[in-house]
Amino acid sequence: MRRGLPLFLIAAALSCLPPSLLAGDSSPAEWLERMTSSLHAQSYKGTFVLQRDDRLDTIRVVHAAENGGYRERLETLTGPAREILRSVDRVSAQKGARAPAGESSSGAPHWPAGAPVFLLEGHDHYALKDMGLDRVAGLDCRMILARARDTLRYSHRYCLDVSTALPLLSELYDGHGKLLERLAFTDLQRLDTVSESDLQATREDAERVEVRADHGHKKPDWDERTGVDGWLFEGLPDGFTAIAATDRRVGDDESSLRHFVLSDGLASVSVYIEKTSGEQMFEGTTRAGATHGAARSIAGHQVTAVGDVPHDTVQAVLDAAVYHAGD
């Protein structure tokens with residue numbers, strides 16, 4: 080079972096608008112829309128701190144935006160020395176594709192897809208509020224709060240760069256107001272171009288993660304009634320809907336790994352379905368920071384759900400996965 084991954088690996092521009100232009104007329108929802116459209120669009124290098132529960136890590140990152148996807152190199156500056164090279168293409172980035180369990184070491188920071196904020200228009204499970212101006216990493220930013228109205232999702236708080244709407248700060252809070260995760264940049268340098276040498280490994284044991292839609296991925300036929308090859312979701316937690324489905328061939332036997340992404344507009348849950356049997360089957364739950372995971376077997380398949388949502392939500396998404404044989 081893969082462990083938790085943090086919310087955002089983020090970038091920011093160094094230029095700031097004059098104070099007279101900072102207020103603007105944008106609503107909190109419009110700020111969030113700008114944030115999601117800006118993700119993956121910036122190249123930069125910098126350092127951020129990641130706080131999960133009582134653990135604090137410092138990570139140096141070089142990030143190169145490329146045709147809607149990205150390549151990046153991450154290097155831990157605290158704790159065990161680790162270097163991670165990640166490459167994600169445009170289609171996979173937009174759909175929030177994660178490397179399947181076992182393809183990357185647990186705990187590796189994860190750059191997310193732009194959340195489908197338009198889904199927020201269909202429900203009122205978050206109260207959005209503009210909390211005014213602040214500064215992070217020496218840059219002016221607009222603080223936006225998305226407070227969860229129920230216990231099925233976390234509250235989100237972002238400080239968005241005033242010129243790009245990229246999040247310089249990202250936080251998750253549980254229903255009691257407890258901080259679960261915080262990611263904040265301490266320094267950022269925007270890059271027009273990224274040197275190829277800056278994206279190359281400097282350690283022999285560097286971990287490599289590659290997610291490619293054209294490397295065994297395909298978009299399967301999706302039907303709201305029958306799902307994908309008989310797999311669909313019935314009775315999802317309120318506000319959540321399936322937004323993406325991919326099918327990937329893995330292993331020497333070219334077995335199929337199905338990946339679904341479900342979202343409420345801000346939070347998302349990934350569901351992986353793989354045919355397996357016997358000792359390979361796993362049922363249970365896991366947690367790392369704000370991320371919860373749950374797994375069970377259905378019709379000879381291992382079904383795993385993982386996301387930055389409360390345990391009950393991951394479990395409810397897992398329970399909503401059904402298989403109709405012969406469909």
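Residue numbers (the working numbering): 80 to 406.
Think of the CB as a built atom: it goes at the ideal place given N, C-alpha and C, for glycine as much as any other residue.
- In the structure shown, residue 199 adopts helical secondary structure according to DSSP, grouped into three states.
- The three-state secondary structure of residue 210, taken from DSSP, is strand.
- In the DSSP assignment, residue 235 falls within the beta strand (DSSP E) that extends over 234-240.
- Under DSSP, residue 319 shares a beta bridge with no residue.
- The bridge partners DSSP lists for residue 307 are 310.
- Excluding sequence positions up to five before and after residue 361, its CB lies within less than 6 Å of the CB of 374, all in the same chain and listed in chain order.
- Around the Cβ of residue 268, a 10 Å sphere holds fewer than 16 other Cβ atoms; the residue is exposed.
- Sequence-distant Cβ neighbours of residue 281 in its own chain, meaning closer than 7 Å and more than five residues away, are 162.
- Note that the C-beta distance between residue 392 and residue 232 is below 8 Å.
- When the beta-carbon positions are compared, residue 396 and residue 315 come within less than 8 Å of each other.
- For residue 270, the closest of 123, 115, 119 by C-alpha to C-alpha distance is 123.
- The Cβ-Cβ distance between residue 132 and residue 158 does not fall below 8 Å.
- Nearest to residue 204 by alpha-carbon distance, out of 141, 346, 250, 144, is 346.
- The Cβ atoms of residue 343 and residue 319 sit closer than 8 Å to each other.
- Counting along the chain, the unbroken beta strand (DSSP E) around residue 221 starts and ends at 218-227.
- A Cβ-Cβ separation of about 5 Å places residue 355 in contact with residue 381 under the 8 Å criterion.
- Taking residue 111 as the centre and dropping the five residues before and after it, the same chain places the C-beta of 196, 223 closer than 7 Å to its C-beta, in chain order.
- Residue 138 places its beta carbon less than 8 Å from that of residue 154.
- Within the model, the alpha-carbon separation for residue 140 versus residue 165 is close to 11 Å.
- Nearest to residue 262 by C-alpha distance, out of 119, 313, 350, 238, is 238.
- For residue 112, the secondary structure class from DSSP, reduced to helix, strand or coil, is helix.
- Here DSSP, grouped into helix, strand and coil, assigns residue 350 to strand.
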